[in-house]
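Scroll down for the structure; my scribbles are underneath it.
Residue numbers (the numbering used here), protein chains in the order written: chain D, 2 to 80; chain X, 328 to 599.
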């Protein structure tokens, strides 16, 4: 496993925030999909961003959406 | 109106938003009124996922296809499930073209009532609105309205195939082919199957389903699908590419070989 710190998760957070003009913060428990911070069309870039930030390879065929719905879940699963 | 007809109101709402931009891809000044009563509410409910941007890009893509193909000899343009579309008023087509709008009679009646109330301009080309059940044999009603299967036709089933099953979509495209003279085209949008399977799309898709308007059909191999129904794809684009809203699509365009990407196809296909 690569060495990860909370600043790696910030890469994911910053990517999300860069996609919206309406927000400057995201709660760790906030549902990213119902908040429309991620959608089907941005999902592939989102997964890539998490891979790059965490160094963890994500199997596209075995995605469990619950691992991606909040920053807390992402941190728990990939960091 | 039938439930699917409400989607014509959200489409109109998206066209209204586009028309009000300084860099609008088209201008549809009637769209805001045609989106009543529920268009903006539905757009808010279902919005995100590039919906507004895609409606704008698709509208312009099909506008361009109509203009180009009319210039190349098509004599009839048939908008299938036309909804609250106003191309009959917006586009400057030569007056020897006949435009047909096919949709449920209830929607056509409502649309004509509103256009009259809005004192909309007269169509610039001969226009026939044909009330029909798209699940039934609507081609007879189209011929009764004056459609000539011996003339080259451009068919535009816009925002329609995803409401049909794969089998219904294939039947529709075969029906178009069977009513087409040589030199006929179809211009349309198709979803990718990978969009319907995308984990992040499931909330949106289940909302549509519970509202009685499920999205059913998508394909990752649109060329093969169309070839099997009598059509040869001559142009295939994804939103964000040149000629398909380049610079206006808020997502990166992923290379075709990248799997599992939610995609929308914008297509021109010629009768095989």
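Positions of the beta carbon are idealized from the N, C-alpha and C atoms, including for glycine.
With respect to the 7 Å criterion, residue 502 of chain X and residue 544 of chain X are not classified as neighbours on the basis of their beta carbons. Distance from the Cα of residue 377 of chain X is smallest, within the candidate group X:597, X:586, X:595, X:579, for X:579.
By the 16-neighbour rule on beta-carbons within 10 angstroms, residue 22 of chain D is exposed. DSSP places residue 597 of chain X outside any alpha helix (DSSP H); the residue lies instead in the beta strand (DSSP E), whose first and last residues are 591 to 598.
A buried status is given to residue 591 of chain X, since no fewer than 16 other beta-carbon atoms sit within 10 Å of its beta-carbon. Annotation for residue 438 of chain X: the continuous alpha helix (DSSP H) segment containing it runs 432 to 444. Against residue 578 of chain X, the close residues of chain D are 42, 43, 46, in the order they occur along the chain (beta-carbon pairs closer than 8 Å).
A Cβ-Cβ contact shorter than 7 Å links residue 447 of chain X with residue 357 of chain X.
Residues are counted here when their Cβ sits less than 8 Å from a Cβ of chain D; for the region 522 to 550 of chain X these are 522, 525, 526, 527, 528, 529, 530, 531, given in chain order.
Rounded to the nearest angstrom, the gap between the Cα atoms of residue 511 of chain X and residue 588 of chain X is 31 Å.
The beta carbon of residue 420 of chain X sits closer than 8 Å to the beta carbons of 393, 394, 397, 404, 426, 451, 452 from its chain, once the five residues preceding and following it are set aside; these are given in chain order. A Cβ of chain D is located within less than 7 Å of the beta carbon of residue 589 of chain X. Scanning the region 443 to 521 of chain X for uninterrupted alpha helix (DSSP H) segments of 4 residues or longer gives 466 to 471, 493 to 505, listed from N- to C-terminal end. For residue 561 of chain X, the enclosing beta strand (DSSP E) stretches over residues 558 to 564. In terms of Cα proximity to residue 368 of chain X, the closest of X:341, X:352, X:440 is X:341. Between residue 29 of chain D and residue 78 of chain D, the CB-CB gap reaches or exceeds 7 Å. In the three-state scheme derived from DSSP, where H, G and I count as helix and E and B as strand, residue 386 of chain X is classed as helix. As a beta-bridge residue in DSSP terms, residue 403 of chain X pairs with X:425, X:480.
Around the beta carbon of residue 526 of chain X, 16 or more other beta carbons lie within 10 angstroms, which makes this residue buried.
Within chain X, the residues placing a beta-carbon under 9 Å from that of residue 37 of chain D are 374, 375, 376, ordered along the chain. Assignment of residue 74 of chain D by DSSP, reduced to helix, strand and coil, places it in the helix class. Less than 7 Å divides the Cβ of residue 406 of chain X from the Cβ of residue 483 of chain X.
Spatial neighbours of residue 389 of chain X in its own chain (CB-CB distance under 7 Å, excluding positions within 5 residues in sequence) are listed in chain order as 483, 485, 514.
Contact note: residue 586 of chain X reaches chain D through 61, using a C-beta cutoff of 8 Å and chain order.
Residue contact check for residue 27 of chain D against chain X: no CB pair falls below 7 Å. Straight across, the Cα-Cα distance linking residue 45 of chain D with residue 572 of chain X is about 20 Å. Sequence-distant partners of residue 10 of chain D (beyond 5 residues in either direction) whose C-beta falls short of 6 Å from its own C-beta, in its chain, are 76, 80. When the alpha-carbon of residue 521 of chain X is set against those of X:549, X:557, X:468, X:576, the nearest one is in X:549. Boundaries of the alpha helix (DSSP H) around residue 48 of chain D: 44 to 55. Think of a sphere of 7 Å around the beta carbon of residue 581 of chain X: the chain D residues whose beta carbon falls inside it are 45, in chain order.
Any Cβ of chain X closer than 7 Å to the Cβ of residue 75 of chain D would place that residue at the interface, and such an atom is absent.
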